[in-house]
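A quick write-up on the structure given underneath.
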Amino acid sequence: MKIAVIADPHFHDINYRQGVGVGEGAAIRTLADTAASTRVFNESYHATRALLDDIVRRDISLVVVAGDLTDDGQQSTMAAATALLDDYSRRFGLRFVATPGNHDLYAIHGRHQSKRFLNADGSHTLVTSDPAMAQGGSVERIVSDEMYCGGYGSAIPVLGAYGFFRRDGDLHWECPFGTDDRLEARTFEIVSADGQTIRRMIDASFLVEPVEGLWLLSIDANVFEPHNGDLDPALEKSYHDSTDAGWNSMLRNKGFVFDWMTDVTARAKGSGKRLIAFSHYPIIDPLNGTSADEARLLNDTSFLRRTPNPEVSRVAAATGIKLHFSGHLHINDTAVFRDGDDFLVNIAVPSIVGFPPAYKIVEFDGERLDVETITIADVPDYDAAFAHYRIEAARDGVSAAVTEADSHADLLSRHLTEMVRHRYLPKEWPQDLARLVPKLTLGDLDAFAAMSQPLSVEDAGAIVGRAQYASGTMAALPLFEVIVDWYRLRKGREIALDFIDPARIAAYRLTAQRYAAGSWPRGSLQDRFGSFLRMMIDWLDSQPSRDFSVDLATGEVDRNDHLGRTVRRQTGAA
Numbered sequence: 031m032k033i034a035v036i037a038d039p040h041f042h043d044i045n046y047r048q049g050v051g052v053g054e055g056a057a058i059r060t061l062a063d064t065a066a067s068t069r070v071f072n073e074s075y076h077a078t079r080a081l082l083d084d085i086v087r088r089d090i091s092l093v094v095v096a097g098d099l100t101d102d103g104q105q106s107t108m109a110a111a112t113a114l115l116d117d118y119s120r121r122f123g124l125r126f127v128a129t130p131g132n133h134d135l136y137a138i139h140g141r142h143q144s145k146r147f148l149n150a151d152g153s154h155t156l157v158t159s160d161p162a163m164a165q166g167g168s169v170e171r172i173v174s175d176e177m178y179c180g181g182y183g184s185a186i187p188v189l190g191a192y193g194f195f196r197r198d199g200d201l202h203w204e205c206p207f208g209t210d211d212r213l214e215a216r217t218f219e220i221v222s223a224d225g226q227t228i229r230r231m232i233d234a235s236f237l238v239e240p241v242e243g244l245w246l247l248s249i250d251a252n253v254f255e256p257h258n259g260d261l262d263p264a265l266e267k268s269y270h271d272s273t274d275a276g277w278n279s280m281l282r283n284k285g286f287v288f289d290w291m292t293d294v295t296a297r298a299k300g301s302g303k304r305l306i307a308f309s310h311y312p313i314i315d316p317l318n319g320t321s322a323d324e325a326r327l328l329n330d331t332s333f334l335r336r337t338p339n340p341e342v343s344r345v346a347a348a349t350g351i352k353l354h355f356s357g358h359l360h361i362n363d364t365a366v367f368r369d370g371d372d373f374l375v376n377i378a379v380p381s382i383v384g385f386p387p388a389y390k391i392v393e394f395d396g397e398r399l400d401v402e403t404i405t406i407a408d409v410p411d412y413d414a415a416f417a418h419y420r421i422e423a424a425r426d427g428v429s430a431a432v433t434e435a436d437s438h439a440d441l442l443s444r445h446l447t448e449m450v451r452h453r454y455l456p457k458e459w460p461q462d463l464a465r466l467v468p469k470l471t472l473g474d475l476d477a478f479a480a481m482s483q484p485l486s487v488e489d490a491g492a493i494v495g496r497a498q499y500a501s502g503t504m505a506a507l508p509l510f511e512v513i514v515d516w517y518r519l520r521k522g523r524e525i526a527l528d529f530i531d532p533a534r535i536a537a538y539r540l541t542a543q544r545y546a547a548g549s550w551p552r553g554s555l556q557d558r559f560g561s562f563l564r565m566m567i568d569w570l571d572s573q574p575s576r577d578f579s580v581d582l583a584t585g586e587v588d589r590n591d592h593l594g595r596t597v598r599r600q601t602g603a604a
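The opening position of the sequence shown corresponds to residue 31 in my numbering, with each subsequent residue numbered one higher.
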């Protein structure tokens with residue numbers, strides 16, 4: 031039996047109407063907001079349909095959703111997203127089993143949301159659930175409860191059909207608290223770090239057997255820890271956002287879930303059940319051991335803040351679940367953790383609204399799990415918002431480069447370029463390096479590596495344009511484009527090779543070899559670029575992440591080139 035695993039569709043209903051929109055029935059988010067985000071917004075409407083259509087074409091009926099079904103949990107969006115899934119269930123027999131993401135709900139009472147929608151002339155209207163939200167640069171402000179993101183008590187019932195409650199036909203259903211599926215029976219106490227504030231929170235984890243012999247373990251890894259001194263459980267600021275908390279906070283605050291996982295695993299093994307566990311957050315380091323280099327190059331980043339520490343992985347591996355699927359980071363990755371005889375494989379599922387747009391198909395084969403990654407490259411009406419973007423760009427001067435895309439996948443690749451320009455370089459990179467990037471080429475990096483004396487950023491200006499050897503014909507390649515490829519590999523691993531010229535990959539390997547052969551003091555320019563290139567090569571040579579098999583007895587991950595890909599040529603390793 032084949033199972034589809036999707037993550038982070040972030041569905042936005044472009045048909046939402048609250049007195050706004052560029053045309054009849056249209057509600058288009060601004061291009062400016064899209065360029066500043068880690069995902070596209072409007073394109074999710076057609077991309078989610080294309081994703082579900084692809085699943086239907088492959089005659090798959092069981093779909094796991096690893097969180098963030100919705101844009102930001104707005105009441106209107108929740109209603110539209112669940113209506114879409116329910117429609118596919120009725121028409122095609124799809125069964126969805128989900129876990130909540132950090133964008134689907136918030137703590138006990140929820141939180142306000144505010145979104146800007148384009149008008150016909152390129153201006154925008156602010157629609158918000160918060161009466162105190164300022165209008166800002168919008169030409170109009172509309173206050174609507176439909177924009178409010180609910181808490182557990184209101185959001186989980188909306189998602190209830192996706193495994194959160196027992197349904198007729200299920201062969202087994204339970205949660206960490208027993209077999210009572212009422213939300214009031216599924217609560218635990220969570221305490222602030224200073225021990226002074228105690229809140230009772232819902233945990234929405236569950237185990238379901240939808241078909242004979244298959245157990246799906248949905249783990250609610252959202253954790254909303256109260257702030258010290260919190261006095262009002264209804265305020266958003268009273269809690270630590272779950273976005274960066276993930277499994278690190280799970281270990282501190284939801285130990286009972288680990289105990290339950292251990293018990294479920296033992297019972298699954300004893301009764302011969304196949305077990306697939308999933309949550310919204312990665313359970314082991316998705317950076318493939320490059321965290322130290324990332325910290326060395328970029329200091330504190332969102333990836334580092336969201337990386338589970340080794341103790342989390344050790345405790346999770348000891349539960350015996352062996353396999354775990356995650357979303358959240360919008361990356362394509364396979365990571366393996368080992369501790370003695372224990373192992374754990376985390377399979378990170380990409381989003382269809384971030385680069386690369388893809389999902390996973392999994393199937394048990396004896397003591398192996400086969401995993402196939404499907405890219406959703408072509409989406410009908412992927413360009414539905416382009417005309418509106420161009421009007422906005424002409425009015426406000428934002429870049430409309432994404433409107434030159436010839437496919438959904440190309441759009442997301444271009445969106446990543448804009449993210450590097452407007453988000454990653456200004457916000458994550460050290461300012462001295464970010465200022466230097468536009469002046470350099472790959473050949474300049476080669477020249478730096480050829481110098482034994484350590485260089486500073488200030489020294490670099492005098493060296494730009496010197497002998498450029500190892501990168502060959504790629505010497506003139508702007509460093510900015512190298513960095514975009516770096517992010518493509520960081521997010522896409524093997525899938526990124528579809529978007530990067532093999533000649534570039536070969537040049538990157540040559541340049542990385544030069545840095546690997548040298549040694550410079552920590553903090554020097556060569557040391558920093560050495561970390562940058564070392565990470566790139568680690569991602570190129572990481573665990574198979576596209577089409578592979580996992581040995582459930584040993585945890586070994588083997589590439590499965592049944593699609594005829596010439597992997598060694600594409601990675602430049604031949």
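Cβ atoms here follow ideal geometry from the backbone N, Cα and C, with glycine treated the same way.
Open item on the list: Tell me the rounded alpha-carbon separation between residue 197 and residue 246.
Closed with: Position 167 of the sequence shown, counting from 1, holds the residue named residue 197. Position 216 of the sequence shown, counting from 1, holds the residue named residue 246. CA-to-CA, the gap between residue 197 and residue 246 works out to about 14 Å.
- [ ] Compute the Euclidean distance between the alpha carbons of residue 277 and residue 134, then round it to the nearest angstrom.
- [x] As a working mapping, residue 277 is identified with position 247 in the sequence shown. As a working mapping, residue 134 is identified with position 104 in the sequence shown. Cα to Cα, residue 277 sits roughly 17 Å from residue 134.
Task: Coarse secondary structure for residue 269, derived from DSSP in three states - done: Translated into the one-based positions of the sequence shown, residue 269 becomes position 239. DSSP places residue 269 in strand when its eight states are reduced to three.
TODO: Could you give the DSSP three-state label for residue 149: helix, strand or coil?
DONE: Counted from its first residue, the sequence shown places residue 149 at position 119. In the structure shown, residue 149 sits in coil (DSSP, three-state: anything other than H, G, I, E or B).
Open item on the list: residue 194 and residue 234 - do their beta-carbons sit closer together than 7 Å?
Closed with: Residue 234 sits at position 204 when you count from the first residue of the sequence shown. Residue 194 sits at position 164 when you count from the first residue of the sequence shown. For the pair residue 234 and residue 194, the CB atoms are nearer than the 7 Å cut-off.
Task: Limits of the alpha helix (DSSP H) - the one that residue 419 falls within - done: On the sequence shown, residue 419 is found 389 positions in, with the first residue counted as 1. Per DSSP, residue 419 belongs to the alpha helix (DSSP H) from 416–426.
Open item on the list: Across the segment 306–322 and the segment 350–367, are there enough close Cβ pairs to call them in contact, namely three or more that are closer than 8 Å?
Closed with: In this structure the segment 306–322 touches the segment 350–367; the number of beta carbon pairs closer than 8 Å is three or more.
Open item on the list: Do residue 236 and residue 137 have their beta-carbon atoms positioned less than 7 Å apart in this structure?
Closed with: By 1-based counting over the sequence shown, the position of residue 137 is 107. By 1-based counting over the sequence shown, the position of residue 236 is 206. It is not a contact, given that the beta carbons lie outside the stated cut-off.
- [ ] State the start and end residues of the unbroken alpha helix (DSSP H) segment that holds residue 310.
- [x] Walking along the sequence shown from the start, residue 310 turns up at place 280. Unbroken run through residue 310: none, as it is neither H nor E.
Open item on the list: So for residue 558, helix, strand or coil by DSSP?
Closed with: By one-based count along the sequence shown, residue 558 stands at place 528. Reduced to three states, the DSSP call for residue 558 is helix.
Open item on the list: Please report the distance separating the alpha-carbon of residue 538 from that of residue 506.
Closed with: Counting from one through the sequence shown, the residue named residue 538 turns up at place 508. Counting from one through the sequence shown, the residue named residue 506 turns up at place 476. In this structure, the straight-line span from the alpha carbon of residue 538 to that of residue 506 is close to 13 Å.
Open item on the list: Between the alpha carbons of residue 427 and residue 521, how many angstroms are there, rounded?
Closed with: For the purposes of this step, residue 427 is taken as the residue at position 397 of the sequence shown. For the purposes of this step, residue 521 is taken as the residue at position 491 of the sequence shown. One Cα belongs to residue 427, the other to residue 521, and the distance between them is close to 29 Å.
Open item on the list: Suppose the cutoff is 7 Å on Cβ atoms and the five residues either side in sequence are ignored; what does the same chain contact list for residue 410 look like?
Closed with: Locating residue 410 in the sequence shown gives position 380, counting from the first residue. Hits under 7 Å: 76 and 80.
TODO: Could you tell me the distance, in whole angstroms, from the CA atom of residue 53 to the CA atom of residue 150?
DONE: What you label residue 53 is simply residue 23 of the sequence shown in a count that begins at 1. What you label residue 150 is simply residue 120 of the sequence shown in a count that begins at 1. With a pLDDT of only 47 at residue 53, under 50, the local geometry of the prediction cannot be trusted, and the value read off the model is given with reservation. If I take the Cα positions, the gap works out to 7 Å.
Open item on the list: Only counting the same chain, and skipping five residues up and downstream in sequence, which positions put a Cβ closer than 6 Å to that of residue 298?
Closed with: The sequence position of residue 298 within the sequence shown is 268, counting from 1. Once the five neighbours on either side are set aside, the close Cβ partners of residue 298 are 245 and 305.
Open item on the list: When you compare the CB positions of residue 232 and residue 212, do they come within less than 7 Å of one another, or not?
Closed with: Along the sequence shown, one-based indexing puts residue 232 at 202. Along the sequence shown, one-based indexing puts residue 212 at 182. Going by beta carbons, residue 232 and residue 212 fall outside the 7 Å limit.
Open item on the list: Once DSSP output is grouped into helix, strand and coil, what is the label at residue 254?
Closed with: Position 224 of the sequence shown, counted from the first residue, corresponds to residue 254. Reduced to three states, the DSSP call for residue 254 is coil.
Task: Cα-Cα separation between residue 586 and residue 73, rounded to whole angstroms - done: On the sequence shown, position 556 is the one that residue 586 refers to. On the sequence shown, position 43 is the one that residue 73 refers to. Cα to Cα, the separation comes out at about 37 Å.
Open item on the list: Using a Cβ-Cβ distance cut-off of 7 Å, determine whether residue 252 contacts chain C.
Closed with: Note that chain C does not occur in the displayed structure, where there is just one protein chain.
- [ ] Note down, in chain order, each residue of its chain lying with its Cβ closer than 6 Å to the Cβ of residue 90, except the 5 sequence neighbours on either side.
- [x] One-based indexing of the sequence shown puts residue 90 at position 60. The answer, listed in chain order, is 32 and 34.
Task: Helix, strand or coil at residue 585 according to DSSP, with G and I counted as helix - done: If you number the sequence shown from 1, residue 585 lands on position 555. Here residue 585 sits in coil by DSSP.
- [ ] For residue 144, I'd like the list of residues in its chain whose CB is within less than 8 Å of its CB, leaving aside the five on either flank, ordered along the chain.
- [x] Counting from one through the sequence shown, the residue named residue 144 turns up at place 114. Counting only Cβ-Cβ distances below 8 Å, and skipping sequence neighbours, we find 156, 157, 158, 159, 160, 163 and 177.
Task: Supposed close pair residue 569, residue 523 - CB separation, criterion 8 Å - done: Here residue 569 corresponds to residue number 539 of the sequence shown, with the count starting at 1. Here residue 523 corresponds to residue number 493 of the sequence shown, with the count starting at 1. Distance from residue 569 to residue 523 at the Cβ level is roughly 6 Å; contact confirmed, criterion being Cβ atoms closer than 8 Å.
Open item on the list: Between which two residues does the beta strand (DSSP E) holding residue 203 run?
Closed with: Taking the first residue of the sequence shown as position 1, residue 203 is located at position 173. In the DSSP assignment, residue 203 falls within the beta strand (DSSP E) that extends over 202–204.
- [ ] Say whether the segment 437–445 touches the segment 380–398, bearing in mind that this needs 3 or more beta-carbon pairs closer than 8 Å, one atom from each stretch.
- [x] Segments in contact, yes.
- [ ] Determine the direct distance from the alpha carbon of residue 323 to that of residue 566, and round the result to whole angstroms.
- [x] Residue mapping note: residue 566 aligns to position 536 of the sequence shown, counting from 1. Residue mapping note: residue 323 aligns to position 293 of the sequence shown, counting from 1. Residue 566 and residue 323: Cα-Cα distance of roughly 11 Å.
Open item on the list: Whole angstroms are fine: how far does the CA of residue 98 sit from the CA of residue 359?
Closed with: Taking the first residue of the sequence shown as position 1, residue 359 is located at position 329. Taking the first residue of the sequence shown as position 1, residue 98 is located at position 68. CA-CA distance, residue 359 to residue 98, rounds to 11 Å.
TODO: Starting from residue 126, trace the beta strand (DSSP E) both ways and give me its first and last residue.
DONE: As a position in the sequence shown, residue 126 is number 96, starting the count at 1. Run containing residue 126: 125–128, per the beta strand (DSSP E) assignment.
Task: Classification of residue 308 by the beta-carbon crowding that lies within 10 angstroms, buried from 16 upward - done: Numbered from 1 along the sequence shown, position 278 holds the residue referred to as residue 308. So residue 308 counts as buried.
Open item on the list: So, under 8 Å CB-CB, residue 467 and residue 509 are touching, yes? Tell me the CB distance rounded to an integer number of Å.
Closed with: Within the sequence shown, the letter at position 437 stands for residue 467. Within the sequence shown, the letter at position 479 stands for residue 509. Indeed they touch by this definition, with Cβ atoms about 5 Å apart.
Open item on the list: Whether or not the segment 288–298 and the segment 166–177 are in contact is what I'm after, with contact meaning three or more pairs of Cβ atoms, one per stretch, closer than 8 Å; do they touch?
Closed with: No, the segment 166–177 is not in contact with the segment 288–298.
- [ ] Select from 573, 132, 258 and 187 the residue whose C-alpha is nearest the C-alpha of residue 214.
- [x] As a first step, residue 214 is located in the sequence shown; it is residue number 184 there, counting from the start. When only C-alpha atoms are compared, the closest one is 187.
Open item on the list: Using C-beta distances below 6 Å, list every residue in its chain close to residue 228, excluding the 5 sequence neighbours before and after it, in chain order.
Closed with: Residue 228 sits at position 198 when you count from the first residue of the sequence shown. Once the five neighbours on either side are set aside, the close Cβ partners of residue 228 are 219 and 221.
Task: Residues near residue 44 in its chain [Cβ-Cβ closer than 7 Å; skip 5 each side] - done: Against the sequence shown, residue 44 aligns to sequence position 14. Exclusion of the five residues before and after residue 44 leaves 56, 57, 58, 72 and 75 as the residues of its chain whose Cβ lies within less than 7 Å of its Cβ.
- [ ] Label residue 343 either buried or exposed according to how many other C-beta atoms from any shown protein chain fall within 10 Å of its C-beta, with 16 as the threshold for buried.
- [x] Stepping through the sequence shown from its first residue, residue 343 is reached at position 313. Buried, because 16 or more other Cβ atoms sit within 10 Å of the Cβ of residue 343.
Open item on the list: Give me the DSSP bridge partner(s) of residue 172.
Closed with: Locating residue 172 in the sequence shown gives position 142, counting from the first residue. DSSP, once it has assigned bridges, lists 157 as partnering residue 172.
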